Amino acid sequence: MLQDVENLGALQRRLELSLPSDAIGREVAARLAKLARSVRMPGFRPGKVPMKMIASSYGAQVQAEVLNDKIGEAFNAAVSARQLRVAGTPTVAPKSGGDDAQITFSATFEVYPEISVGDLGGFTVEKSVCPVGDPEVDKTIDIMRRQRATMAEVDRPAAEGDRITVDYSGSVDGVPFEGGSAADFQFIVGQGKMLPEFEGAVAGMARGESKTFPLTFPADYRATELAGKTASFEVAVKKVEQVNLPPVDADFARQLGVRDGDVSKMRDEVRANLQREVASRLVARTKDSVMGALLGVAAFELPQTLVEGDSQRLLELARSDLSARGVDPATMQLSADTFLPQAQRRVRLGLLVGEIVRTQNLQPRQDQIRKRLEELAQSYEKPSEVIQWYLGNRQRLSEVETVVMEDNVVNWVLARSQVAERQVAFDELMGGSAA
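Count along the sequence shown from 1, add 171, and you get the number used in this note's numbering.
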């Protein structure tokens, strides 16, 4: 017998499920009988174990399996009949005091919210653009040159662009502080790895020279215990090295995979790869803008089951990442609540995107998936093998399908909203590095 669904809140529902006790008993008996044909016990041949012993050993387990299966079937039939879209897994609890002929349970669950995407015409979506020309290609080649640079020790004062090796120690009010000292520490003068005051004090020093100088930490320094304080640093220069960049010639081109050493061909390949990378990053920026716009056109309750589940997944990912980097997660004060705002945003966007895909028929088509695979594979030496690598694994292919689906949603939103192009500087887009 199925009772009416009880409304417990915006999305939470509860219903009662009643299952005939005799039907459960018959199914348990049938499964035990099937089990008896193959179960082994000491002193008995297979198929000859007394049913009483089988029931004693396996009865509780089989009973639980049957109840789980039957409750699942009854629950699915009930929500399907009412066209309820269940979010997450229901919580099922037995109810006592009922008829012995019936086994009664209550199932508490959440349903997906009704989502209505509002008018996008009044929203402005930012579309990032960044041209790739000769200056951007030159910057990228310069980075590749620096990656292949050689060092030559020089007997002169350190200048900008030199690599310098130093020993240093710092103290505040005469007390050394954590992270304030190092031996054989290397950095490139002018690269910005060190605070400007530190680099300014070291620039112009030669091998064997020492210096003591004051340094005031910025008010927003990441180590809050040092922010705004003035420290005294002692530094000794041990080595000054000149950075020698390789010339852009045939040998350099061959190092980058151009077998005949054609520098012009090398530049064309760098340009093509750079255009693909820039395009990918521009799409990601535009997608972020679109997703931000979507969050403003639909207000709805979130199924807490989904939010809690995503918070837990984010927590597990963070712990795994810490472990992979050699950090004991137990030393960090992390909990699922730490990731609650992120999980809420992810769930809200996921529901919005899913609703738009469903109502606007934006599922990825096979030709779109194939095109995406070809784009991913074109920078590899054997594109066909890369495509087969994706096609041969359902999980990898599913990731590509998700990207295509999100691209469809982005294009759908762009076609219905106000689009403002934003010129993004090349260095900003590439995060300071084109490599």
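Idealized CB from N, CA, C, for every residue including glycine.
On a predicted model such as this, the values are computed, not experimentally measured, just so you know.
Beta-carbon proximity of residue i to residue j, cut-off 8 Å
i           : j           : result
residue 377 : residue 406 : no
residue 438 : residue 574 : no
residue 409 : residue 593 : no
residue 464 : residue 289 : no
residue 543 : residue 581 : no
residue 324 : residue 429 : no
residue 363 : residue 331 : no
residue 281 : residue 182 : yes
residue 295 : residue 559 : no
residue 597 : residue 310 : yes
residue 450 : residue 482 : no
residue 434 : residue 419 : yes
residue 416 : residue 317 : yes
residue 522 : residue 229 : no
residue 404 : residue 341 : yes
residue 500 : residue 511 : no
residue 209 : residue 221 : no
residue 583 : residue 531 : yes
residue 426 : residue 565 : no
residue 477 : residue 505 : no
residue 443 : residue 432 : no
Closest by C-alpha distance to residue i, when choosing among the options
i           : options            : result
residue 352 : 337, 215, 427      : 337
residue 246 : 494, 190, 415, 435 : 190
residue 236 : 272, 517, 224, 198 : 198
residue 509 : 497, 518, 489, 499 : 489
residue 402 : 395, 385, 233      : 385
residue 591 : 259, 232, 457      : 457
residue 258 : 589, 474, 180, 547 : 474
residue 472 : 416, 287, 231      : 287
residue 271 : 225, 196, 320      : 196
residue 293 : 400, 499, 585      : 585
residue 599 : 302, 328, 256, 505 : 302
residue 369 : 391, 349, 335, 525 : 335
residue 240 : 563, 194, 550, 566 : 194
residue 568 : 541, 320, 216, 555 : 541
residue 204 : 486, 224, 557      : 224
residue 601 : 344, 314, 327      : 314
residue 579 : 527, 262, 252, 555 : 527
residue 255 : 554, 226, 285      : 285
residue 394 : 497, 251, 348, 554 : 348
In DSSP terms, what residue i is bridged to
i           : result
residue 339 : 353, 406
residue 189 : 275
residue 412 : 324, 334
residue 387 : 401
residue 359 : 334
residue 592 : 298
residue 262 : 279
residue 498 : Residue 498 is not bridged to any residue.
residue 347 : 342
residue 381 : 407
residue 177 : 185
residue 376 : Answer is none; residue 376 lacks a bridge partner.
residue 257 : 282
residue 215 : 212
Near the ligand ATP: residue i beta-carbon under 7 Å from a heavy atom
i           : result
residue 258 : The ligand ATP is not among the ligands present in this structure, which contains no ligands whatsoever.
Anticipated Cβ contact below 8 Å, residue i with residue j, distance rounded
i           : j           : result
residue 398 : residue 388 : 6 Å
residue 176 : residue 202 : Not a contact, Cβ separation roughly 31 Å.
residue 534 : residue 576 : 7 Å
residue 466 : residue 519 : 7 Å
residue 455 : residue 479 : Contact doesn't hold; Cβ gap of about 28 Å is too wide.
residue 260 : residue 185 : Not a contact, Cβ separation roughly 14 Å.
residue 206 : residue 276 : Rounded, the Cβ-Cβ distance is 25 Å, inconsistent with contact.
residue 291 : residue 587 : 4 Å
residue 355 : residue 414 : Their Cβ separation, rounded to whole angstroms, is 18 Å, which puts residue 355 and residue 414 out of contact at 8 Å.
residue 192 : residue 274 : 6 Å
residue 595 : residue 300 : 7 Å
residue 381 : residue 447 : That pair is no contact at about 49 Å.
In chain order, each alpha helix (DSSP H) run of at least 4 residues that lies wholly inside the segment 475-519: If you keep only unbroken alpha helix (DSSP H) runs of at least 4 residues inside the segment 475-519, you get 475-495.
Continuous alpha helix (DSSP H) assignments of at least 4 residues falling wholly in the segment 523-572: Within the segment 523-572, the complete alpha helix (DSSP H) runs of at least 4 residues are 537-548, 554-562.
Uninterrupted alpha helix (DSSP H) stretches inside the segment 405-464 (no shorter than 4 residues): Runs of the alpha helix (DSSP H) lying entirely within the segment 405-464, each at least 4 residues long, are 421-426 in chain order.
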